[in-house]
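Below you'll find the structure, written out as structure tokens, and then a few comments.
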Amino acid sequence: MNISYSECSARERIALLLDEGSFHEWLPPSERVTSPHLAQLGVPSAFDDGVAIGRATLAGRPVFVAAQEGEFMGGGVGEVHGAKLVGLFRRALRERPDAVLLLAESGGVRLHEANAGLIAVSEVMRALLDLRAAGIPTIVLIGGANGCFGGMGIVARCADRIVMSDIGRLAMSGPEVIEASNGVDEFDSRDRALVWRTTGGKHRWLSGDCDLLVADELAAFRAAAIASLDAAAPVTLAGLEDEHQLLSERLHLLDAPVDGDEAIALWTRLGVPAPQRVPELDPGELTRP
Amino acid sequence: MDWNTLATTLFGPAHGIAQDGDLLHGGVRFDNATLTVIGTTNHAPIGVRLALAQARLVLDTIAQHPGRAILLLIDTQGQQLRRRDELLGINRAMAHLGMSIDLARRRGHRVLGLVYDQALSGGFITSGLIADACDALPEAEIRVMRIPAMARVTKLPEALLTELSQSNPVFAPGVANYVAMGGVRRLWRGDLPQALREALADAPTEDRRALDGRERGGRTMAADVIERVLAAP
Amino acid sequence: MSPGLEALDYHLAGKYPAGDFPAVLVGVVGSGNLEVLLEPATGSTECSVHVETSARGFGAIWSAVVEDFHRRHQLAGIRVSINDMGATPAVVSLRLDQAVAEIKR
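Residue numbers (our numbering), protein chains in the order written: chain A, 232 to 520; chain B, 3 to 235; chain C, 14 to 118.
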């Protein structure tokens, strides 16, 4: 029986993805480490400020894990939420688990905490890069309905490995914000197919912005996480030069005028076989150049 | 302050910083050393192109000038809000800029950010906010999002957000708030070359911002929560 | 304008001691939803309920829901804490019962 990853809450994902009963939570809900900023706005807090963190095992191997709850404030990162993630990454530096799993579902900075949220996301980024430099892989799993956007979309790309489902989205600005700023012709946020061609898991996998593409199934995410446990990839100058070349070439792929849909044009120019069929294929049926 | 006035005040009229569209770049002499200056102007929107252009300059510094300090001059309206930039993975391009700066830091290049006009989150989070420290001119402003868009996304009334932006440090865009919260290290007043000199001399290599926020009273929970996680049974 | 949360508190005399158990959390604070944290209050004979809600002015409905819940279970020595974002009475009752079912697991 397949359990949908996207339909699970953050805590359900932890319970079902990690080895059964292995999760030990730090700063659990009963400790009530909550946001100091929400009540003044008339917004209820969450006992865990929208993220559960702790240690667990995955296929018997010690890992640390954080899971963002997308239903609470869109998974937005506030002062406390961000500090829980920073604390987890710093503890990982000290205790050296085999990997840190980040089950990301977030709109980025929690706007209700504005400045505090922005600084928090920045601190998360720095702490993740410290971990990466220490050779401890961070594996980001993206498969929730809210996607992984804003500052968290950048944090994800600082990690060693990203696993996405076709339901997941990874980007910077949400389509609604782009439409509100530059009009519906720039980005029709209600055109779901367009949104997913632009930011969804299939596109990100085809263009190389995520490492693994899986179906919307917990078991598939678990298997992908296990397969990623040894995927530490410290940042080097040579690696950044390769990355620079890749991104520059990709930028120029769209210099020549595009006739029709931009995503399909990009896939065509990337050498993806049968680009027109991408939206209808299952993740397992796609191939990338 | 206009970038050229700033550059002239810091480095003299022959500073050698060039402007290419919205990009600023140059190698400048300061206190018998050369600094790499990388920046933006015209409240630049940061898209894939401009993120990559800045990253290129950082990578060149790492490859060609070991130990050279980097000064980031920041004036941005945030990330470019275009579907094409999203399609091309602007989050990846920004992460690339951030990781380039982060590698420079680890390789012994001191990296300083200076917000000299304005900064909005996406244009700032992988430049100034990932430097060793980010300072600001007193008149600068830092925002997460403009109020009308924020009202739409949060469903909070614009009038409420406007009121909070005046009275509440979490929302107010003045850089003094960012100093109180630890996000900005200090403001440069008066003798700007001296401020730069001090900034280079005491650039931290670890992320002190949560500690600063607690010490200064603007962000009281972050450091406590980090410490609690480290100590949790 | 002054936004704010409404806080409500109830203390009911319990009958069946819940005993000691690990804290239980059900639900998520999303629109039309709530989270319920159930903790033991060993030594107390009460069922105490603390609610924080963004949907203000529904005190009478909360009283009815809480009393119904207590009539169903009559637990003593428990502390119920709720963060609510406008859930319907049916959803509130469901989460409360789910939480109690978790204790009994």
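We put the beta carbon where it would ideally sit given N, CA and C, even for glycine.
**OP:** Check whether the Cβ of A/T429 lies closer than 9 angstroms to any Cβ atom in chain B.
**Re:** Yes - at least one Cβ of chain B is within 9 angstroms of the one on A/T429.
Subject >> Contacting residues, own chain, Cβ-Cβ under 8 angstroms from C/M14 (five flanking each side not counted) >> reply: Residue confidence is low: C/M14 scores 41 on pLDDT, short of 50, so the model does not pin down where it sits. Its coordinate-derived value is still stated next. Correct list: empty, nothing qualifies.
Subject >> Runs of beta strand (DSSP E) wholly within the stretch 420-481 of chain A (minimum 3 residues, chain order) >> reply: 443-445, all fully within the stretch 420-481 of chain A.
**OP:** Compute the beta-carbon to beta-carbon distance between B/Q81 and B/I92, rounded to the nearest angstrom, for a pair I have assumed lies under 8 angstroms.
**Re:** Rounded, the Cβ-Cβ distance is 6 angstroms, consistent with contact.
Subject >> Boundaries (first-last residue) of the beta strand (DSSP E) holding A/R392 >> reply: For A/R392, the enclosing beta strand (DSSP E) starts and ends at 392-396.
Subject >> Which listed residue (B/L75, B/R58, B/R31, B/A142) has its alpha carbon closest to that of B/M101 >> reply: Of the candidates B/L75, B/R58, B/R31, B/A142, the one whose C-alpha sits nearest the C-alpha of B/M101 is B/R58.
Subject >> Those residues which DSSP pairs with A/A298 across a bridge >> reply: Bridge pairing for A/A298: A/A283, A/L334 [DSSP].
Original post:
How would you call A/G307, buried or exposed, if buried means at least 16 neighbouring beta carbons within 10 angstroms?
Top reply: Here A/G307 is buried, its C-beta having at least 16 other C-beta atoms within 10 Å.
**OP:** Just grab the DSSP bridge partners of C/N96 for me.
**Re:** As a beta-bridge residue in DSSP terms, C/N96 pairs with C/E48, C/E65.
Original post:
How many angstroms separate the CA atom of A/V296 from the CA atom of A/Y236?
Top reply: Going from the Cα of A/V296 to the Cα of A/Y236 covers about 16 angstroms.
Original post:
With respect to the beta strand (DSSP E) encompassing B/Q196, which residues constitute its N-terminal and C-terminal limits?
Top reply: Unbroken run through B/Q196 is the alpha helix (DSSP H), 194-203; no beta strand (DSSP E).
Subject >> the ligand MG heavy atom lying under 8 angstroms from the CB of B/A234 >> reply: The model depicted lacks the ligand MG and carries no ligand whatsoever.
Original post:
Between B/H98 and A/R388, is the Cβ-Cβ spacing less than 9 angstroms?
Top reply: Cβ atoms of B/H98 and A/R388: closer than 9 angstroms.
**OP:** Indicate the three-state DSSP secondary structure (helix, strand or coil) for A/E516 in the structure shown.
**Re:** In the three-state DSSP reduction, A/E516 falls in the helix class (H, G or I).
Subject >> Residues of the stretch 272-285 of chain A with Cβ closer than 9 angstroms to any Cβ of chain C, in chain order >> reply: Against chain C - using a Cβ distance shorter than 9 angstroms - the residues of the stretch 272-285 of chain A are L272, G273, V274, P275, S276, A277, F278, D279, G281.
Subject >> Interface positions of the stretch 25-43 of chain C facing chain A (Cβ-Cβ less than 8 angstroms), listed along the chain >> reply: Cβ proximity to chain A below 8 angstroms picks out A36, L38, V41, V42, G43 from the stretch 25-43 of chain C.
Subject >> Rounded Cβ spacing between A/R341 and A/G309 (contact assumed at less than 8 angstroms) >> reply: For A/R341 against A/G309, the beta-carbon gap comes to about 4 angstroms, under 8 angstroms, which counts as contact.
**OP:** Starting from B/T156, follow the alpha helix (DSSP H) in both directions and report where the run begins and ends.
**Re:** Boundaries of the alpha helix (DSSP H) harbouring B/T156: 149-156, taken from the DSSP string.
Subject >> Sheet register partners of A/C379 (DSSP bridge) >> reply: Partner residues in the beta bridge of A/C379, as assigned by DSSP, are A/S337, A/L401.
Original post:
Tell me which same chain residues have a C-beta within less than 8 angstroms of the C-beta of A/V294, skipping the five on either side of it?
Top reply: For A/V294, same chain residues with a beta-carbon under 8 angstroms away, outside a window of 5 residues either side, are L249, R286, A287, T288, P328, D329, A330, V331, L332, L460 in chain order.
Subject >> 6 angstroms CB neighbourhood of C/M52 in its chain, flanking five on each side removed >> reply: The sequence given here places Glu at residue 52 of chain C; Met does not occur at that position. Non-local beta-carbon contacts of C/E52 in its own chain, meaning distances under 6 angstroms to residues more than five positions away in sequence, involve A36, R92 in chain order.
Original post:
B/Y118 and B/L90: beta carbons closer than 9 angstroms?
Top reply: No, these two residues do not count as a Cβ contact at 9 angstroms.
Original post:
By how many angstroms is the C-alpha of A/A458 removed from the C-alpha of A/D442?
Top reply: Distance from the CA of A/D442 to the CA of A/A458, rounded to the nearest whole angstrom, comes to 11 angstroms.
**OP:** Examine the Cβ distances between the stretch 61-73 of chain C and the stretch 22-35 of chain C and report whether three or more of them are shorter than 8 angstroms.
**Re:** Taking a cut-off of 8 angstroms on C-beta distances, the stretch 61-73 of chain C touches the stretch 22-35 of chain C, as three or more cross pairs fall below it.
Subject >> Euclidean distance between Cα positions of B/D24 and A/R435 >> reply: In a straight line, the C-alpha of B/D24 is about 29 angstroms away from that of A/R435.
Original post:
Is there a Cβ from chain B that is less than 9 angstroms from the Cβ of A/P510?
Top reply: So no, A/P510 is outside the interface.
Original post:
Name the DSSP beta bridge partners of C/P30, please?
Top reply: Its beta-bridge partners are C/A89.
Subject >> For B/Q82, the three-state DSSP class (helix, strand or coil) >> reply: Residue state, collapsed to three classes: coil.
Original post:
Would a check of beta-carbon distances place A/P259 closer than 9 angstroms to chain C?
Top reply: Taking Cβ atoms only, chain C reaches closer than 9 angstroms to A/P259, which makes this a yes.
Original post:
Which residues bound the beta strand (DSSP E) around A/F320?
Top reply: Looking at the DSSP string, A/F320 is not in any beta strand (DSSP E); the run it does join, the alpha helix (DSSP H), is 310-326.
Original post:
Pick from A/W498, A/G399, A/G366: whose alpha carbon is nearest that of A/A335?
Top reply: For the residues A/W498, A/G399, A/G366, the minimum Cα distance to A/A335 belongs to A/G399.
**OP:** Run the CB neighbour count on A/T518, radius 10 Å, all protein chains shown included, and call it buried at 16 or more, exposed below.
**Re:** Exposed, since its Cβ has fewer than 16 Cβ neighbours within 10 Å.
Subject >> Partner residues on chain A for B/Q79, Cβ-Cβ distance less than 7 angstroms >> reply: Near B/Q79 there are no residues of chain A at all, since even the closest Cβ is about 10 angstroms away, more than 7 angstroms.
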